[in-house]
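If you're matching them up, the sequences are chains A and B in order.
Note that the first sequence covers residues 46 to 185 in this note's numbering.
Note that the second sequence covers residues 86 to 218 in this note's numbering.
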Amino acid sequence: MAKENIRQNPAVSIRTPRARVRGLGVSHHGAGHWWLQRLTAVANVVLMLAFVVIIARMAGRPYPEAIRLVGSPFVSLVLILAVLSVTIHMRLGMQVVIEDYVHAPATKIAAIFANNFYAVVVAVACLYAILRVGFGQPPV
Amino acid sequence: MAPTARPTVAQPLSPHLQIYRWTWTMAMSVFHRITGTALYGGTALVAIWLAALASGPAAYGWVAGFFGSIFGKLILFVYTWILLHHMLGGIRHFVWDAGIGFDKTQRLSLARLTLIGSTALTVVVWVVGLLAR
């Protein structure tokens with residue numbers, strides 16, 4: 046019999062019940078991925094509706110007005126929260142897509158690396174820009 | 086147990102998407118994933134827009150000019166629709182997560198509402214947005 050079958054069979058396994066619980070299953074994450082995806086989805090509903098309103102109010106405004114709007118504490122805060130929630134959500138979502146469709150180990154690992162890098166670059170670029178505008182650094 | 090010899094004939098595979106008749110729930114499920122992937126790429130546009138704003142009037146003028154053009158407006162319109170469609174698709178998943186909406190008529194209505202709702206909401210957002218100008 047395969048080694049895995051012995052390890053998964055509670056009658057044969059030498060792992061304690063606590064170890065089995067702490068292991069959180071084959072993924073070692075339990076339902077953490079699913080839960081965080083739903084948590085950020087709820088946050089996104091509110092934050093994206095606010096984002097659409099912000100974008101609609103920004104459209105066609107001259108530069109100084111755009112800076113004043115994005116630089117206002119409330120709008121900055123909403124945008125920062127939106128960037129955090131969205132980038133976490135999209136990183137988790139893309140990981141599921143990769144795991145579903147990319148099966149070759151090397152390509153899959155490369156894709157998951159690229160997904161993480163993309164999400165972090167987008168998040169940091171957005172946050173840096175929002176903070177820079179919020180703290181009054183850009184030339185008006 | 087002795088290892089079994091691998092069969093030399095091709096194993097039968099379980100049928101995939103192309104063999105099934107398209108249904109509303111299936112189409113909306115596929116579309117939820119497509120819209121999610123599109124939004125994933127679209128986030129780069131948000132980063133470019135914010136980076137331009139932080140860079141100064143020249144960079145912002147260029148980006149604002151692009152999004153203000155007909156092509157830019159078309160991108161933003163489709164972006165709005167994709168965003169709202171993915172949002173309503175997510176809300177549909179919350180309904181199912183709560184353990185309700187699984188009846189045949191209910192799940193069909195939910196799938197149709199996702200498409201009708203996202204289209205209607207997109208039009209409302211743009212009409213209100215343009216009127217409030």
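The beta-carbon is built from N, C-alpha and C at its ideal position, and this holds for glycine as well.
(request) Reducing DSSP to helix, strand and coil, say where P150(A) ends up. (result) helix
(message) Between V163(B) and chain A, is the shortest Cβ-Cβ distance under 9 Å, so that the two count as touching?
(response) no
(request) Note down, in chain order, all residues in the region 138–151 of chain B with a beta-carbon under 8 Å from any beta-carbon belonging to chain A. (result) L138, A139, S140, G141, P142, Y145, G146, A149
(request) Answer yes if the region 197–212 of chain B comes into contact with the region 165–182 of chain B, meaning at least three C-beta pairs across the two stretches below 8 Å, and no otherwise. (result) yes
(message) Are there any heavy atoms of the ligand FMN lying less than 8 Å away from the beta-carbon of W147(B), as far as the coordinates show?
(response) Absence of the ligand FMN is noted for the structure shown, with no ligands found whatsoever.
(message) Which residue marks the beginning of the alpha helix (DSSP H) containing A144(B), and which one marks its end?
(response) 142–153
(message) What residue range does the alpha helix (DSSP H) around Y108(A) cover?
(response) 108–116
(request) Mind listing the chain B neighbours of V115(A)? Cutoff is C-beta to C-beta under 7 Å, in chain order. (result) L138
(message) Under 9 Å, CB to CB, which of the residues in the region 180–200 of chain B have a partner in chain A?
(response) D182
(request) Spatial neighbours of Q140(A) within its chain, please: CB distance less than 8 Å, with the 5 preceding and 5 following residues excluded, ordered by chain position. (result) H78, I157, N160
(request) For I175(A), return the contacting residues in chain B, with the cut-off set at a CB-CB distance below 7 Å. (result) L135
(request) Report the residue from A143(B), P142(B), W134(B) whose alpha carbon sits nearest the alpha carbon of F152(B). (result) W134(B)
(request) Could you check if T120(B) is buried or exposed, using at least 16 other CB atoms within 10 Å of its CB as the buried criterion? (result) buried
(request) Identify whether M107(B) lies in helix, strand or coil by the three-state DSSP scheme. (result) According to the sequence as given, residue 107(B) is Trp; it is not Met. Three-state DSSP puts W107(B) in coil, outside helix and strand.
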